[in-house]
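Quick notes on the structure that follows.
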Amino acid sequence: MTISRRDILQGATALGAASAAVWGFAETGKGFYKGLVNEAKATGISAGALPPEYKVDPETGEAVLNPDQRVSYTMCMGCTSVCGIRVRVDKASNDILRVAGNPYSPLSTNPHLPYDTPVKDALTRLSAYEEAGLVGRSTACGRGNAAIAKQASKERILKPLKRVGKRGSGQWKEISWDQLIEETVEGGDLFGEGHVEGLRAIRDLKTPLDPENPEFGPKANQLVVIPPFKNGRLMIAARFAKMAYGTRNFVGHRSYCGLSMRAGYAAMMDNLKKQPHLKPDYRHAKYMLFVGTAPGNAGNPYKLQGTLMGAARDREGVKYAVVDPVLTNAQNHAFGSSNSWVPIRPGTDGALVMGMIRWILENERFDAKFLSQPSPAAAKAAGEASWSNATHLVIDDPEHLLGGRFLRQGMLVEGLEEAAQKTPICLAKGSGELIPAAGSEAELFHEGTVTLADGTTVPVATSLSLLRREATRKTLAEYSADCGVPEERIVSLAQDFTSVGKQAAADCHGGTMHTSGFYTAYAIVMLNTLVGNLNVKGGTTAGGGRFKDVKKGPRYNLLGFPGKVKVKGVDAARGGFSYEKTSEFKRLVAARKNPYPAKAPWHAFTQPMGAQWLLSILEGYPYHAKAVITWSSNPVYGVAGLDAAIKEKIVDPKILPLFISIDPFINETSRYADYIVPDRVFYEAWGWASAWGGVPTRISTARWPVVEPKTAQMPDSRYMDMDNYFIDVAKRMGLPGFGDKAIPDSDGNLHPLHRPEDFWLRAGANVAFDGGAVPESNDEDMIVSGVETIRSLLEKTLKPEEWRRVAYVYNRGGRYEDAKDTYRGEVFARSYKKGMQIWNETVGSTRDSMTGEKFVGCPTWKAPSLANGQPVDDRYPQVEWPFRVVSTKSQMRSSSTGGNPYLDDLKFSNAIALNSEDAEKLSIKTGDWIAVESPGGRITGQALVRKGIATGTIGIEHGYGHKEMGARNHKIGNVVLEGLSTAGAGINSNDLGYADPTCEKAVVLADPVVGSIARQALPAKITRLT
Amino acid sequence: MSAVDLMSFDHEIAWRPWAVAYFLLIGTAAGAGLLMVCTRLLLKQAAQGALVVAASFALASGLPLLADLHQPARFLHFYMGTSTSSIMWWGSWILPLFIASLLLLALLRGMRMEQELSGLEQMLTAVSGLLALCILGYTAGEMHAVAARPLWASIGFPITLTLSALMSGAGATIAYDHLRGVSGPGRGMLVISGAVTLIAFGIWLLNDPDLSRVAADQAPVTIYLVFIGAGLVYPMLMIAITKSNCLLSVSSGVAAVLGALAFRWATFMGAQLTSKTETAMYDEIHLDTHEVLQVFLGSAGMLVLCLIVLSVFLRVLANRTNAQTQA
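Going line by line, the protein sequences match chains P and U.
The numbering used here numbers the first residue of the first sequence as 899 and each following residue consecutively.
The numbering used here numbers the first residue of the second sequence as 541 and each following residue consecutively.
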């Protein structure tokens, strides 16, 4: 055999090629080997996955349950969307294995299953049988999946704790439930620091808490109860605090994160008390404008919005724009020009929208037919789905006693009946005669004078004329200069919005939480009024509402009981009460002193503001509290600037004598508590919630213990939790509404309230019977859904004709109206009745407690300002403070996810995002350590340089920078709960919030009109550290 | 390979650079395979070069495909059930059949000395031609199906991908034949497929301004220029102008293959720079990273190894067959 040169060359090449191939594919080879023999071995489709909870016969579709597992429908609380979920539980260990979506719930499935679908069939509809699982896909989001870590967390408080060191020192001891109840009710020298009044002593419903200011109400108001948002459990706490104990200081999560939006909508929707709001009809809208909200990235309901926006993007002809200083997932590049991002200077959305309104009015792109209808009757005759007060005449003199109020028939003619007296006046279309707002069209624009019945003449203008006046205060160029959005872009947004008739919708949310927030939100939602989209398919909906649960329902009255207290007095943070009605104001006037400014803002037409309570009661303006109970709420983390403002006073028992916190965990607020009461997490608890918005059909989501609670049990087998704490305190104090004869049924018979289920199951009976009773559940459905585990409670608590119907509801995780009932023709079946308010006379007739000037009653543009009216940019000039900080929300985090190991595994820290042009000027690169300083604080973190953020803006993702929630060591007896560095990683933009320097009494920066906390557009400067 | 996501977390990119290697190799194999089929069935020539190129490229394509799966052993799942609605599932069967048909054809060719094809060879040739078309169809289809990537989901992309595969197959065959001193088929196919690719590519991107913008945003323009200049225009001109200049022919063939590679790199990797889950762009994937080097060197090594082994094997087989015939 001879070897040629060619053979050698070929052999050498082959050797080299083989070496290259071995090097190149080495990782592949290793991976392949691991795949066959190691943990990831590919032995079957499910590989190392858990055994499935059920299997479906591919031929017949029959579901066969796994006897070792249980699948139950309840409610998620990974964020505030409260989606319906299905929870998979291991029966032997009581561990939650996985979480997915409830196919009956419109918050988790689009479209949701018809309510009468048998429970077992629902399982089949989620499977591959006939590919049904793809169509009816029902999921929980990543955050909802990760939330199961809460239940098993080692950081949970399972028994009552009492502090043994100074407040906030992290030193605790476990105490018995009885000791907890006794000490918090009866008081005493509880900490060796002097006598502390207990809850019994504080509850005085007759003696004024401040005789010099009797409007503050009775001493009982010195108990302040701060609960979380409407999480489905709120009403038993409200029953205790307001209806039984009698303090007026109980309110849900309000003014932390979305009050500007709520107040803006409330002004437009003529309901400042209940603050309803609208959502676009994502399914049929042709154009949507989102300002300061990012549907699908955050917002509420987060998951449903994401699903519907995904579908909208794929629908032919749909366009939308997202106005936001930060580019988020709400905009999707893959869908080209159908959607766009409009970067804007933080806090200036109002300028952009008022520019749009100006262009719409000047170019007559509004819906004149809709706006011309002055009443429901006229709207009905014209075929409109709603009406507005655009044509109503307003008394156009701020200094007149009636200034800002509507001209009403009673002001023109004396001796009318009461109803006729209140009828607003407008000008008949064509003739211009003064006519009552009734069944015919009226003039849209008018400014003139009217002689009243008393002979005086007053200037008047229509609501729409006043809006035009406000909109034309600035030119488009000036609006553009203020917000940083080019003039032509403002025009194109207005053109797009008014090019699709009523199938256009505008929405906003947390981006409006700045000191120009109320008018910004009012302006944004005013766009909906200008196209008359309320109740219209493809327009906006106020939602379908809920079934009666904790209400005066068809079976039980859960809002009324013998001895119920009617609360009185001023809110602890001056919300919902006019400064001009206070004794303080009257004293100053009597002393011939200028009553303005007040020591701190009073917000006459907003609702009680829980976010301001802690600071107000520590400052003692309007009054001090003697006891605070926080329940699953965390204002110190969530309110911008609060931590710095209170941290010295809150630790002083002389200023706040008693602080009780009810929480499964120790958070930034409960760290200061004297007592911590353990509580259930949401998989273990009872309750009834509804969709926050965006669901046009009726929905009531059930929460019930799908796993055994982990908190300690009492001798009578009850678990230690919020419900039982309030029940036991009330019973010890002998408060009405609790105990043996507490809950009236529809026949007037009284039923006991000794255990949480006494309350919540009866609410379930109301749900089951409201609007027609649901069928009775059979035994099999209860077994399939796991409701079998509470069957004995149902039977024991409810009437024979009730319990199986309530089980039918729990089997499905709530009660849901069918999707087919959404529309009636081209309008929503469940429509909002009140008219759209171009001018809100409550707003327009109220004075600013700091400046004494009347507020404008329609949208207007005023740059973010301090309480005394001074623009923030004047006080903190851009030259010195070149950046404005905004918080951003992600899909994975919320304020309550701190320390969640699953989420920390994905991303345990956040960064300080800034625009690449700004970064270049400061020589900052991604990963550099930088410091951000505001007038209220300083934080340090790593820079994230990106183009997707407006210049001059700093974006910080919310949900990080915890100081508690597992981030810090606590000592309970001799046991140390060790904090994890990952739980406290990152930064919290709220640490940059600051107190308003123009107020005598300390308040954190807030909107001057409604008091919403300013957590956006905070002035800041950056220093490079590395 | 890691992708930095701005608001979420780091995770591996879905279509790794191995996909570029796989689609280049299997596309070239299909192109050369079709060239072989046409030459055999229409011109009645053996087209041994095209056969070896097709078989070698196809054989070398398997490993990059496995490597792209993130967990290579996952490929077993394809064969554990049926999923007729999945293009990839069909591909998992088409690919081994295509490779097997080419190897069998090569074996048969090595065992026969006659120029004319046997009946079995003719039948297998037709089958492998059909499978080559299936390969082109499934590879184009599985990318076109990714709606989240507008560049891939557009109609022009699968057409350009397929045409560039034909050109690459012709180019590889020309280069291989000239390296072994043979003037084989493929010149006409290279010029025609190159011209049509150029037209299709132009219409695809220039006809739709949105798509042009997306392409410009996502893929480095320089790589597109390499594709057009070096990958399309140069080989077409050289092949059209020169007749049988070895150096120019080899360089033109190699340029056609590199052009197809450039196109795949630009569109596969570039399109993935836009995050599917976030409003963000990933960091550009650089060519000089360790993993990319592994992809290119590993795949090239495997290809060269397959070419040598197959060539040597056929030569040995032919010598033995020849000796047996003479004996």
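Think of the CB as a built atom: it goes at the ideal place given N, C-alpha and C, for glycine as much as any other residue.
Legend entry - Cβ of V844(U) within 7 angstroms of any chain P Cβ: Within the second sequence, the letter at position 304 stands for residue 844(U). Taking Cβ atoms only, chain P reaches closer than 7 angstroms to V844(U), which makes this a yes.
Inset, instruction - Please list the partners that A796(U) has in chain P, where partner means a Cβ-to-Cβ separation under 9 angstroms. - result: Reading the second sequence from its first residue, position 256 is the one you call residue 796(U). What A796(U) touches in chain P: nothing, since even the nearest Cβ is about 21 angstroms away.
Legend entry - Residue-level contact to chain U via CB, L913(P), 7 angstroms cutoff: Residue numbering aside, residue 913(P) sits at position 15 when the first sequence is read from its first letter. For L913(P), the answer is no, since every Cβ of chain U falls outside 7 angstroms of its Cβ.
Legend entry - DSSP three-state assignment for R1703(P), whether helix, strand or coil: In the first sequence, the residue the question calls residue 1703(P) occupies position 805. Shown here, R1703(P) sits in a helix according to DSSP, grouped into three states.
Inset, instruction - Leaving aside the five residues before and after E1606(P) along the sequence, list all residues of the same chain whose C-beta is less than 8 angstroms from its C-beta, in chain order. - result: Mapped onto the first sequence, residue 1606(P) falls at position 708. For E1606(P), the CB contacts under 8 angstroms within the same chain, skipping 5 residues up- and downstream, are N992, E1582 in chain order.
Inset, instruction - Tell me, please, whether the CB atom of F923(P) is closer than 7 angstroms to any CB atom in chain U? - result: Position 25 of the first sequence, counted from the first residue, corresponds to residue 923(P). Interface residue, yes.
Legend entry - Min CB distance A607(U) to chain A below 7 angstroms: The structure shown has no chain A; the protein chains it does contain are P and U.
Inset, instruction - Please go through the same chain and pick out, in chain order, the residues whose beta-carbon is closer than 6 angstroms to the beta-carbon of L1225(P), but skip the five residues on each side of it. - result: Taking the first residue of the first sequence as position 1, residue 1225(P) is located at position 327. Answer for L1225(P): W1239, G1846, listed in chain order.
Inset, instruction - Report the partner residues of R1745(P) according to the DSSP bridge assignment. - result: On the first sequence, position 847 is the one that residue 1745(P) refers to. Note: R1745(P) sits in a beta bridge opposite K1752(P).
Legend entry - Buried/exposed call for M1863(P), threshold 16 Cβ in 10 Å: The residue labelled residue 1863(P) in the question sits at position 965 within the first sequence. M1863(P) counts as buried, since no fewer than 16 other beta carbons sit within 10 angstroms of its beta carbon.
Inset, instruction - Give the secondary structure of G1646(P) by DSSP, where H, G and I count as helix, E and B as strand, and everything else as coil. - result: Reading the first sequence from its first residue, position 748 is the one you call residue 1646(P). It is coil, neither helix nor strand.
Legend entry - P1116(P) CB to nearest heavy atom of the ligand HEM below 6 angstroms: Annotation note on the ligand HEM: not contained in the displayed structure, which lists no ligands.
Inset, instruction - Sort E1331(P), G1330(P), F1304(P) by Cα distance to T1321(P) and report the nearest one. - result: Position 423 of the first sequence, counting from 1, holds the residue named residue 1321(P). It is F1304(P) whose Cα lies nearest to the Cα of T1321(P).
Legend entry - Boundaries of the alpha helix (DSSP H) in which H1868(P) is found, first to last residue: Walking along the first sequence from the start, residue 1868(P) turns up at place 970. Looking at the DSSP string, H1868(P) is not in any alpha helix (DSSP H); the run it does join, the beta strand (DSSP E), is 1868 to 1870.
Inset, instruction - Ignore the nearest five residues each way along the sequence and tell me which others in M683(U)'s own chain have a CB closer than 6 angstroms to its CB. - result: What you label residue 683(U) is simply residue 143 of the second sequence in a count that begins at 1. Beyond the five residues adjoining it in sequence on each side, M683(U) comes within less than 6 angstroms, by CB distance, of W692 in the same chain, given in chain order.
Inset, instruction - Inspect the CB distances between the region 642 to 658 of chain U and the region 575 to 589 of chain U and report whether three or more fall short of 8 angstroms. - result: Look at the beta carbons and you see the region 642 to 658 of chain U touching the region 575 to 589 of chain U: at least three pairs across the two are nearer than 8 angstroms.
Inset, instruction - Quick one: grab the DSSP three-state call for F1781(P). - result: Walking along the first sequence from the start, residue 1781(P) turns up at place 883. Three-state result, F1781(P): strand.
Legend entry - Cβ neighbour criterion (16 or more within 10 Å) applied to D1621(P): Residue numbering aside, residue 1621(P) sits at position 723 when the first sequence is read from its first letter. So D1621(P) ends up on the buried side.
Legend entry - W1511(P), enclosing alpha helix (DSSP H) - first and last residue: Within the first sequence, the letter at position 613 stands for residue 1511(P). Note, W1511(P): alpha helix (DSSP H), 1508 to 1517.
Legend entry - T926(P) burial status per 10 Å Cβ neighbour count (16 or more: buried): On the first sequence, position 28 is the one that residue 926(P) refers to. With 16 or more other CB atoms across the displayed protein chains lying within 10 angstroms of its CB, T926(P) is buried.
Legend entry - Contact set between G929(P) and chain U, taken where Cβ atoms lie within less than 9 angstroms: Walking along the first sequence from the start, residue 929(P) turns up at place 31. Here the neighbours are L606, A607, L609, H610, Q611, P612, A613.
Inset, instruction - Return the first residue and the last residue of the alpha helix (DSSP H) that D526(U) is part of. - result: The question about residue 526(U) has no answer, for chain U in this structure spans 541 to 867.
Legend entry - Distance between T1921(P) and F597(U) (C-alpha atoms, nearest Å): Counting from 1 along the second sequence, the entry for residue 597(U) is found at position 57. Counting from 1 along the first sequence, the entry for residue 1921(P) is found at position 1023. Rounded to the nearest angstrom, the two C-alpha atoms are 56 angstroms apart.
Inset, instruction - Measuring only between beta-carbons, confirm whether L564(U) sits less than 7 angstroms from chain P. - result: Within the second sequence, the letter at position 24 stands for residue 564(U). By this cut-off, L564(U) is not an interface position.
Inset, instruction - Note down the Cα distance separating A910(P) from V849(U), rounded to an integer number of angstroms. - result: One-based indexing of the first sequence puts residue 910(P) at position 12. One-based indexing of the second sequence puts residue 849(U) at position 309. Near 12 angstroms, if we compare the C-alpha coordinates of V849(U) and A910(P).
Legend entry - Residue burial classification, W1586(P) (beta-carbon count within 10 angstroms, cutoff 16): Counted from its first residue, the first sequence places residue 1586(P) at position 688. W1586(P) is buried by the Cβ-count criterion.
Inset, instruction - Give me whichever residues DSSP pairs with E1345(P) in a beta bridge. - result: Your numbering for residue 1345(P) matches position 447 in the first sequence. Here E1345(P) is bridged, per DSSP, to A1359(P).
Legend entry - chain U within 7 angstroms of G919(P), Cβ atoms only: Along the first sequence, one-based indexing puts residue 919(P) at 21. It is worth fixing the name first, because residue 919(P) is Ala in this sequence and not Gly. When Cβ-Cβ separations below 7 angstroms define contact, A919(P) makes contact with chain U.
Inset, instruction - Closer than 8 angstroms by beta-carbon distance: list the chain P residues that pair up with I848(U), in chain order. - result: Mapped onto the second sequence, residue 848(U) falls at position 308. Going along chain P in sequence order, the residues near I848(U) (Cβ under 8 angstroms) are Q908, T911, A912, A915.
Legend entry - Cut-off 6 angstroms between Cβ atoms - residues of its own chain near F853(U), not counting five sequence neighbours on either side: Position 313 of the second sequence, counted from the start, is the residue given in the question as residue 853(U). Counting only Cβ-Cβ distances below 6 angstroms, and skipping sequence neighbours, we find nothing.
Inset, instruction - Using a Cβ-Cβ cut-off of less than 8 angstroms, list which residues of the region 1004 to 1033 of chain P approach chain U; keep chain order. - result: Here the close residues number zero.
Inset, instruction - Mind checking who S1036(P) pairs with in its DSSP beta bridge? - result: By 1-based counting over the first sequence, the position of residue 1036(P) is 138. In the DSSP assignment, the residues bridged to S1036(P) are T1007(P).
Inset, instruction - Measure from the C-beta of L837(U) to each C-beta in chain P and report whether the shortest distance is under 7 angstroms. - result: To locate residue 837(U), count along the second sequence from 1; it is residue 297. Yes, L837(U) counts as interfacial toward chain P.
Inset, instruction - Indicate whether at least one CB of chain U lies closer than 7 angstroms to the CB of L934(P). - result: By 1-based counting over the first sequence, the position of residue 934(P) is 36. So yes, L934(P) belongs to the interface.
Legend entry - Where the alpha helix (DSSP H) containing E682(U) begins and where it ends: For the purposes of this step, residue 682(U) is taken as residue 142 along the second sequence, with counting starting at 1. Where E682(U) is concerned, the enclosing alpha helix (DSSP H) stretches over 659 to 684.
Legend entry - Beta-carbon gap between I1594(P) and T1439(P) smaller than 7 angstroms: Position 696 of the first sequence holds residue 1594(P). Position 541 of the first sequence holds residue 1439(P). For the record, residue 1594(P) in the displayed sequence is Pro; it is not Ile. Taking 7 angstroms as the cut-off, the beta carbon of P1594(P) is found closer than this to the beta carbon of T1439(P).
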